[in-house]
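In this note's numbering, the protein residues as written are 48 to 148.
Virtual Cβ for every residue (Gly too), placed ideally from N, Cα, C.
Contents: one structure, followed by commentary.
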Amino acid sequence: MTPKRFQRKKENFVCGKCGATVRGSGYTDHCPKCLWSKHIDINPGDRAAVCQGMMKPEGVEFKKGKYDIFYRCEKCGYQHRVKAAKKDNFEEILKISQHAS
């Protein structure tokens, strides 16, 4: 039997970058205030990554009316992308898209 690729974890957390308290929805994987994340998963929700490095938002792509945020782990270099959430700070999304250009 193959393990699930996605495991929903409804967890609150404190952002390791800006210190904001984030209320998790089960799909929350980054801080909606500063957009930073933490390298904690191998597959979404499994909490199996040993790295635990901070994931820097480095790029944004707008496609089919939605934004994807591109991340790079500052500790191990792992790259990942996620869909922006409705509650994400749009000003931060714009800043990232301007720096990536």
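In the DSSP assignment, residue 115 is bridged to 108 and 130.
Beta-bridge partners assigned by DSSP to residue 120: 102.
Closest in C-alpha terms to residue 55, from the list 80, 90 and 62, comes 90.
Look at residue 57 here: in three-state DSSP terms it is coil, with no helix or strand label. Here residue 85 carries a strand assignment [DSSP, helix/strand/coil]. Taking 7 Å as the cut-off, the Cβ atoms of residue 53 and residue 92 count as close.
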